[in-house]
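*Asks:*
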DNA sequence: GATTCATATCCATAAATCTTGATATATCGA
DNA sequence: TCGATATATCAAGATTTATGGATATGAATC
């Protein structure tokens with residue numbers, strides 16, 4: 197993950213509809229959702245959603261796969277992983293206690 | 197952390213200068229840096245940097261503290277913690293294996 | 001209190017972004 | 001092949017955002 201890639205990802209998430217899409221897909225898990233389902237769930241017009249999905253795709257935050265007439269979108273956990281790693285790079289240099297709370301944030305029930 | 201707060205933070209980080217500032221401050225650790233030092237380090241004009249620091253401040257990603265004539269800025273790890281938690285909310289619902297790579301991303305040497 | 005230093009605010013312009021109607025592409029079923 | 005369905009692309013208008021010059025504020029020093 198380089199600076200430009202991270203910027204694409206952060207800018208992609210810094211917009212309401214796209215952040216909602218990403219969170220929806222994170223919750224949807226490995227099954228993801230069809231493009232149409234996403235648009236309907238968030239009450240956004242088809243072409244607007246398509247444009248927003250394209251932004252998330254370019255940013256590496258979601259993947260997609262055609263299934264007949266529909267297209268399934270899935271959160272790309274590898275993409276978000278790279279982003280978080282980039283954000284916290286060198287966080288521990290000299291101050292271990294500084295970033296501990298951040299690590300705890302993701303301590304879910306996995 | 198609610199949606200609007202998360203949007204502020206992500207939009208703040210989705211801009212080159214501000215992302216560089218945040219990473220610089222993460223690396224600087226608990227000591228942080230003076231506003232002028234930051235501007236000089238990143239080769240950005242004083243008033244532009246001041247505006248960008250104000251955005252990061254409003255987004256809860258940095259804190260500041262006046263020290264005589266200068267003002268020290270420090271990364272707000274609690275702010276970034278809340279943001280990451282919001283992004284990954286409910287990530288494990290039914291698919292523990294899905295988010296494990298994300299957790300591993302932050303496994304630094306703390 | 002005048003001057004200097006560090007930072008913030010105001011304002012105008014330029015650039016980027018979002019949304020949307022219209023339309024194109026791709027797939028399926030008849 | 002034709003029509004229907006699902007999604008993507010195009011182009012334009014509206015809104016937002018970033019930058020930088022000028023200036024204001026706040027704090028130290030003399």
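Residue numbers (the numbering used here), protein chains in the order written: chain A, 197 to 306; chain B, 197 to 306. All residues carry an ideal CB built from backbone N, CA and C; glycine is no exception. None of these values were measured; they are calculated from a predicted model.
Determine the chain B residues that contact residue 254 of chain A at a beta-carbon separation under 9 Å, and present them in chain order.
*Replies:* Working through the first chain from its first residue, we reach residue 254 of chain A at position 58. Correct list: empty, because the minimum Cβ distance to chain B is about 13 Å.
*Asks:* Does residue 273 of chain B have its Cβ less than 8 Å from a Cβ in chain A?
*Replies:* If you number the second chain from 1, residue 273 of chain B lands on position 77. True, the Cβ-Cβ gap to chain A drops below 8 Å.
*Asks:* Is there a Cβ of chain A sitting closer than 8 Å to that of residue 207 of chain B, yes or no?
*Replies:* Taking the second chain and counting its residues from 1, the one referred to as residue 207 of chain B is at position 11. Yes, residue 207 of chain B lies at the interface with chain A (some Cβ there is under 8 Å from its Cβ).
*Asks:* Taking 8 Å as the CB-CB cut-off, is residue 286 of chain B touching chain A?
*Replies:* As a first step, residue 286 of chain B is located in the second chain; it is residue number 90 there, counting from the start. Interface residue, yes.
*Asks:* Following the continuous beta strand (DSSP E) through residue 263 of chain B, name the residue where it begins and the one where it ends.
*Replies:* For this step, residue 263 of chain B is matched to residue 67 along the second chain. 258–263 is the span of the beta strand (DSSP E), which, as asked, contains residue 263 of chain B.
*Asks:* Locate the alpha helix (DSSP H) running through residue 213 of chain B, then write down its first and last residues.
*Replies:* Here residue 213 of chain B refers to the residue found at position 17 of the second chain. Looking at the DSSP string, the run of the alpha helix (DSSP H) that includes residue 213 of chain B is 212–224.
*Asks:* Determine the direct distance from the alpha carbon of residue 222 of chain A to that of residue 307 of chain A, and round the result to whole angstroms.
*Replies:* Summary: the structure shown does not reach residue 307 of chain A, with chain A confined to residues 197 through 306, and so no result is reported for it.
*Asks:* First and last residue of the alpha helix (DSSP H) that includes residue 231 of chain A?
*Replies:* Along the first chain, one-based indexing puts residue 231 of chain A at 35. Counting along the chain, the alpha helix (DSSP H) containing residue 231 of chain A begins and ends at 231–238.
*Asks:* Is it true that the region 251–268 of chain A meets the region 210–229 of chain A, where meeting means three or more beta-carbon pairs spaced less than 8 Å apart?
*Replies:* Yes, they touch.
*Asks:* Kindly give me the distance between the Cβ atoms of residue 245 of chain B and residue 231 of chain B, rounded to whole angstroms, as I take these residues to be in contact under 8 Å.
*Replies:* On the second chain, residue 245 of chain B is found 49 positions in, with the first residue counted as 1. On the second chain, residue 231 of chain B is found 35 positions in, with the first residue counted as 1. Contact holds; Cβ gap of about 7 Å.
*Asks:* Starting from residue 255 of chain A and walking both ways along the alpha helix (DSSP H), at which residues does that stretch end?
*Replies:* On the first chain, position 59 is the one that residue 255 of chain A refers to. That residue, residue 255 of chain A, is in no alpha helix (DSSP H); it is neither H nor E in DSSP.
*Asks:* Closest to residue 269 of chain A by C-alpha separation, out of A:235, A:295, A:281, A:207, would be which residue?
*Replies:* What you label residue 269 of chain A is simply residue 73 of the first chain in a count that begins at 1. Of A:235, A:295, A:281, A:207, the residue nearest in Cα terms is A:235.
*Asks:* With DSSP as the reference, label residue 241 of chain B as helix, strand or coil.
*Replies:* Reading the second chain from its first residue, position 45 is the one you call residue 241 of chain B. Three-state result, residue 241 of chain B: coil.
*Asks:* At least one CB of chain A closer than 8 Å to the CB of residue 251 of chain B: is that the case?
*Replies:* Translated into the one-based positions of the second chain, residue 251 of chain B becomes position 55. No, residue 251 of chain B does not count as interfacial toward chain A.
*Asks:* Closest to residue 227 of chain B by CA distance: which of B:208, B:272, B:253 is it?
*Replies:* One-based indexing of the second chain puts residue 227 of chain B at position 31. Nearest C-alpha to residue 227 of chain B: B:272.
*Asks:* Name the chain A residues whose beta carbon is nearer than 9 Å to that of residue 245 of chain B?
*Replies:* Position 49 of the second chain holds residue 245 of chain B. None at all; the shortest Cβ gap to chain A is about 18 Å.
*Asks:* Along the region 226–244 of chain B, what residues have a CB closer than 8 Å to any CB found in chain A?
*Replies:* Against chain A - using a Cβ distance shorter than 8 Å - the residues of the region 226–244 of chain B are 226.
*Asks:* Report the CB separation of residue 210 of chain A from residue 207 of chain B in whole angstroms; it is logged as a contact under 8 Å.
*Replies:* The residue given as residue 210 of chain A occupies position 14 in the first chain. The residue given as residue 207 of chain B occupies position 11 in the second chain. Correct: roughly 3 Å between the Cβ atoms.
*Asks:* Closer than 8 Å by beta-carbon distance: list the chain A residues that pair up with residue 298 of chain B, in chain order.
*Replies:* Against the second chain, residue 298 of chain B aligns to sequence position 102. Here the neighbours are 273, 276, 277, 280, 302.
*Asks:* At a Cβ threshold of 8 Å, is residue 283 of chain B touching chain A?
*Replies:* Counting from one through the second chain, the residue named residue 283 of chain B turns up at place 87. Yes, residue 283 of chain B counts as interfacial toward chain A.
*Asks:* If we count the other Cβ atoms within 10 Å of its Cβ and call it buried at 16 or more, is residue 266 of chain B buried or exposed?
*Replies:* As a first step, residue 266 of chain B must be located in the second chain, where it is residue number 70. Classification of residue 266 of chain B: exposed, given that the 10 Å Cβ count is below 16.
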